[in-house]
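The structure appears right after this line, and notes come after that.
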Amino acid sequence: ACLDQIAALNPVLNAFLSVDGDAALVQARAIDAHRAAGEELGPLAGIPIGVKDNFCTTDFPTTCGSRMLDGWVPPYDSTVVARLREAGLVIVGKTNMDEFAMGSSTETSFFGPTRNPWDTDRIPGGSGGGSAAAVAAFMVPLAVGSDTGGSIRQPGSVTGTVGVKPTYGGVSRYGLVAMASSLDQPGPVARSTEDAALLQQVIGGYDRHDSASINQPVPDLVEASRATDLAGVRVGIVSEFKGEGYEPGVLDRFEEAVEVLRGAGAEIVEVSCPSFTYALPAYYLIQPAELSSNLARFDGMRYGLRAGDDGTKSAEQVMNLTREEGFGREAKRRIIIGTYALSAGYYDAYYGSAQKVRSLIQQDFDKAFEQVDVLVSPTTPTVAFRLGERTADPMSMYLADLCTIPSNMAGNAAASFPAGLSEGLPVGLQVMAPPMEDARLYRVGGVLE
Ligand code: GLN
15 ACLDQIAALN PVLNAFLSVD GDAALVQARA IDAHRAAGEE LGPLAGIPIG
65 VKDNFCTTDF PTTCGSRMLD GWVPPYDSTV VARLREAGLV IVGKTNMDEF
115 AMGSSTETSF FGPTRNPWDT DRIPGGSGGG SAAAVAAFMV PLAVGSDTGG
165 SIRQPGSVTG TVGVKPTYGG VSRYGLVAMA SSLDQPGPVA RSTEDAALLQ
215 QVIGGYDRHD SASINQPVPD LVEASRATDL AGVRVGIVSE FKGEGYEPGV
265 LDRFEEAVEV LRGAGAEIVE VSCPSFTYAL PAYYLIQPAE LSSNLARFDG
315 MRYGLRAGDD GTKSAEQVMN LTREEGFGRE AKRRIIIGTY ALSAGYYDAY
365 YGSAQKVRSL IQQDFDKAFE QVDVLVSPTT PTVAFRLGER TADPMSMYLA
415 DLCTIPSNMA GNAAASFPAG LSEGLPVGLQ VMAPPMEDAR LYRVGGVLE
């Protein structure tokens, strides 16, 4: 059924960059055979899944949505992918994304944009628009994404799916092509809170291959997702994330969602986190700084594209040509911003200041979580915008992650849950929890359903 749905819809949606139906069927039948033989299998054995194209896979190319890695097949599986295979999930294909995960609309993909299944003139969010659209359009029941500044949650919000950014260090980054290493976090995309919990339990937990991996057992997220009330739970509304710039329809759905939480027994208070206002500008110094360092490895020598190597050019000329042709505009913009922010004369003024803001954000979260168990806000200020609407103005594109970035800066757990429609388009409620308290997200999400 999934393969039929992909065949019918992918020509329009462009959610998948690669699909291997034959291999998927062979794997699914093998699982059936194990089951028929009475073997005990995990709860997700045999379930088809899509994987964002920045997770290394030995049986599919891993392009990161970039010409730089067009056709590149990695020599090893990422930990997330290895754990999916071990649990018997069937990887159907790799999903489209903004180039190297930079963007909020999937329009910077070298392989063309993904379209939102709710309205194909609109964006599916980004950078993980492919994973979100694939799940929203019933091409697959589950997908994995990566969230550096909102790339799981914002696509979740605008496609009406559940998207979770686990605690930083909760799911291994090993084999996830690095974008901004201190912010990157893999996580689940699903149609229900319980499905997302089942998936996070499969991919989460300690991995010695990731230096940031937290060596603690994964709490019972599935149990948390089945909660039916919020008695004793204190919910804080972030005062900074409403008002001007937020669509009225988004704010209406947000307030209704808060009422549902109140009705389920939660105590609702307002909490001010003044430094969150500076999270976005600080992110756009730290993220490009780390990115400019991480993308230095794409030099035409080691992976993927090598341009102009006709035997007459120096290594440096080949590197320059490869970068000129291999990277798109947004990648180049951020490499330049990041290199500038890290340069000797400007390091303290830009990168240093941004790191201080990052500490302030952390302190705001710490103070807030002394008063409340979770914080809530709209996931993103607007519903899905139209394709092309924001491509000429990078600032307007960056604003899509206004509410999601603080949790990456602090390493917290955060998620987006569907909260109804505004003029026929999905709206998401963001829930944020302290590190390693991912179960609180699932409890709130489960009740909201
Ligand atoms: N939209 C943000 C950016 O462009 C977030 C990206 C992400 O989370 N990968 O950097």
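Residue numbers are given in our numbering: position 28 of the sequence shown equals residue 42, and the series is strictly consecutive. Where a beta carbon is used, it is the ideal one built from N, C-alpha and C, also for glycine.
Problem - Any non-hydrogen atom of ligand 1 closer than 7 Å to residue 67 Cβ - result: Position 53 of the sequence shown, counting from 1, holds the residue named residue 67. Residue 67 Cβ: outside cutoff for every heavy atom of ligand 1.
Problem - Proximity of residue 160 and residue 68 at Cβ, strictly below 8 Å - result: One-based indexing of the sequence shown puts residue 160 at position 146. One-based indexing of the sequence shown puts residue 68 at position 54. The Cβ atoms of residue 160 and residue 68 sit closer than 8 Å to each other.
Handout entry: Contact test: residue 140 Cβ vs ligand 1 heavy atom, cutoff 7 Å
Key = As a working mapping, residue 140 is identified with position 126 in the sequence shown. Because some heavy atom of ligand 1 lies under 7 Å away, the Cβ of residue 140 counts as near it: yes.
Handout entry: Paired residues, beta bridge with residue 429 - DSSP
Key = As a first step, residue 429 is located in the sequence shown; it is residue number 415 there, counting from the start. DSSP lists 178, 445 as the beta-bridge partner residues of residue 429.
Practice task
Decide if residue 343 is buried, meaning its Cβ has at least 16 other Cβ atoms within 10 Å, or exposed.
Solution key: Locating residue 343 in the sequence shown gives position 329, counting from the first residue. Answer is exposed; the Cβ neighbour count stays below 16.
Problem - Bridge-paired residues (DSSP) for residue 494 - result: Since the first residue shown for the chain is 15 and the last is 463, residue 494 is missing from the structure and cannot be characterised.
Practice task
Report yes if the CB atom of residue 429 is closer than 8 Å to the CB atom of residue 177, and no otherwise.
Solution key: Here residue 429 refers to the residue found at position 415 of the sequence shown. Here residue 177 refers to the residue found at position 163 of the sequence shown. In this structure, residue 429 places its C-beta atom within 8 Å of the C-beta atom of residue 177.
Problem - Residue span of the beta strand (DSSP E) that contains residue 480, given as start and end - result: The chain is shown from 15 up to 463; residue 480 falls before or after that span and cannot be answered.
Practice task
Could you tell me whether any non-hydrogen atom of ligand 1 is closer than 7 Å to the CB of residue 409?
Solution key: Residue numbering aside, residue 409 sits at position 395 when the sequence shown is read from its first letter. Shortest gap from the CB of residue 409 to any heavy atom of ligand 1: 7 Å or more.
Exercise for the section: Give me the Cβ distance between residue 290 and residue 224, rounded to the nearest whole Å; I'm assuming they're in contact under 8 Å. Expected result: Working through the sequence shown from its first residue, we reach residue 290 at position 276. Working through the sequence shown from its first residue, we reach residue 224 at position 210. Incorrect: roughly 28 Å between the Cβ atoms, too far for contact.
Handout entry: CB of residue 153 within 8 Å of CB of residue 39, strictly
Key = Your numbering for residue 153 matches position 139 in the sequence shown. Your numbering for residue 39 matches position 25 in the sequence shown. Going by C-beta atoms, residue 153 is not nearer than 8 Å to residue 39.
Problem - Beta-bridge pairing of residue 436 - partner residues as DSSP gives them - result: The sequence position of residue 436 within the sequence shown is 422, counting from 1. 439.
Problem - Integer-rounded CB distance, given that residue 301 should sit under 8 Å from residue 162 - result: Your numbering for residue 162 matches position 148 in the sequence shown. Your numbering for residue 301 matches position 287 in the sequence shown. Sure, about 7 Å apart at Cβ, within 8 Å.
Problem - Span of the alpha helix (DSSP H) around residue 356 - result: Position 342 of the sequence shown, counted from the start, is the residue given in the question as residue 356. Taken as a continuous stretch (DSSP letters only), the alpha helix (DSSP H) holding residue 356 covers 343–356.
Exercise for the section: Helix, strand or coil for residue 461, going by three-state DSSP, please let me know. Expected result: Position 447 of the sequence shown, counting from 1, holds the residue named residue 461. Correct three-state label for residue 461: helix.
Exercise for the section: Please name the residue, chosen from 270, 104, 303, that lies closest to residue 192 on a Cα-to-Cα basis. Expected result: Walking along the sequence shown from the start, residue 192 turns up at place 178. Of the residues 270, 104, 303, the one whose Cα lies closest to the Cα of residue 192 is 303.
Practice task
Answer yes if the segment 68–82 comes into contact with the segment 113–122, meaning at least three C-beta pairs across the two stretches below 8 Å, and no otherwise.
Solution key: Yes, the segment 113–122 is in contact with the segment 68–82.
Exercise for the section: Report the three-state DSSP secondary structure of residue 109 (helix, strand or coil). Expected result: Position 95 of the sequence shown, counting from 1, holds the residue named residue 109. In this structure, residue 109 counts as strand in the three-state DSSP scheme.
Exercise for the section: Starting from the Cα of residue 171, find the closest Cα among 441, 186, 375, 19 and give me that residue. Expected result: In the sequence shown, residue 171 corresponds to position 157, counting from 1. The shortest C-alpha separation from residue 171 is found at 441.
Exercise for the section: Flag residue 42 as yes if its beta-carbon sits less than 8 Å from any beta-carbon of chain D, otherwise no. Expected result: Among the chains of the structure shown, chain D does not appear; only one protein chain is present.
Problem - Ordered list of beta strand (DSSP E) runs contained in the segment 50–105, each at least 3 residues - result: 62–66, all fully within the segment 50–105.
Exercise for the section: Drop a sphere of 10 angstroms on the beta-carbon of residue 202, count the other beta-carbons inside from all chains shown, and report buried for 16 or more, exposed for fewer. Expected result: As a first step, residue 202 is located in the sequence shown; it is residue number 188 there, counting from the start. For residue 202, the number of other beta carbons within 10 angstroms of its own is at least 16, and it is reported as buried.
Practice task
Look at the Cβ atom of residue 144, then the Cβ atom of residue 137, and state whether they are nearer than 8 Å.
Solution key: Within the sequence shown, the letter at position 130 stands for residue 144. Within the sequence shown, the letter at position 123 stands for residue 137. Not a contact, by the Cβ cut-off of 8 Å.
Handout entry: Cβ contact check for the segment 418–426 and the segment 445–463: 3 or more pairs under 8 Å
Key = Using a C-beta cut-off of 8 Å, the segment 418–426 makes contact with the segment 445–463, since at least three inter-stretch Cβ pairs fall below that distance.
Exercise for the section: Tell me, please, whether the segment 268–283 touches the segment 316–336 by the rule of three or more beta-carbon pairs shorter than 8 Å. Expected result: Using a Cβ-Cβ distance cut-off of 8 Å, the segment 268–283 and the segment 316–336 are not in contact, since fewer than three pairs of beta carbons, one from each stretch, lie closer than that value.
Handout entry: residue 246 and residue 90 closer than 8 Å at C-beta
Key = Taking the first residue of the sequence shown as 1, we reach residue 246 at position 232. Taking the first residue of the sequence shown as 1, we reach residue 90 at position 76. No.
Handout entry: Any non-hydrogen atom of ligand 1 closer than 7 Å to residue 446 Cβ
Key = Looking up residue 446 in the sequence shown gives position 432. Every heavy atom of ligand 1 is 7 Å or more from the Cβ of residue 446, so no.
Exercise for the section: Would you identify the three-state DSSP class for residue 28, choosing helix, strand or coil? Expected result: Start at 1 with the first residue of the sequence shown, and residue 28 comes out as number 14. Here residue 28 carries a coil assignment [DSSP, helix/strand/coil].
Practice task
Over the uninterrupted beta strand (DSSP E) stretch that includes residue 340, give me the two end residues.
Solution key: The count along the sequence shown starts at 1 and reaches residue 340 at position 326. Taken as a continuous stretch (DSSP letters only), residue 340 belongs to no beta strand (DSSP E), being part of the alpha helix (DSSP H) at 329–340.
Problem - Contact between the segment 279–286 and the segment 244–261 (3+ Cβ pairs under 8 Å) - result: With a cut-off of 8 Å, the segment 244–261 and the segment 279–286 count as touching, because enough Cβ pairs lie within range.
Handout entry: Three CB pairs or more closer than 8 Å across the segment 55–63 and the segment 99–108
Key = Taking a cut-off of 8 Å for Cβ pairs, the segment 55–63 and the segment 99–108 touch, as three or more such pairs fall below it.
Problem - Distance between residue 146 and residue 415 (C-alpha atoms, nearest Å) - result: Working through the sequence shown from its first residue, we reach residue 415 at position 401. Working through the sequence shown from its first residue, we reach residue 146 at position 132. Their Cα atoms are separated by approximately 16 Å.
Handout entry: Three-way DSSP call (helix, strand, coil) for residue 156 in this model
Key = Here the question's residue 156 lines up with position 142 in the sequence shown. For residue 156, the secondary structure class from DSSP, reduced to helix, strand or coil, is strand.
Practice task
Note down, in chain order, each residue of its chain lying with its Cβ closer than 7 Å to the Cβ of residue 221, except the 5 sequence neighbours on either side.
Solution key: Locating residue 221 in the sequence shown gives position 207, where the first residue counts as 1. Closer than 7 Å at the Cβ level, and outside the excluded window around residue 221, lie 93, 186, 188, 227.
Problem - residue 168 - containing alpha helix (DSSP H), residue span - result: Residue mapping note: residue 168 aligns to position 154 of the sequence shown, counting from 1. It spans 167–173 - the alpha helix (DSSP H) in which residue 168 sits, taken as one unbroken run.
Practice task
State buried or exposed for residue 53, treating a residue as buried only when at least 16 other CB atoms are found within 10 Å of its CB.
Solution key: For the purposes of this step, residue 53 is taken as the residue at position 39 of the sequence shown. By the 10 Å Cβ count, residue 53 comes out exposed.
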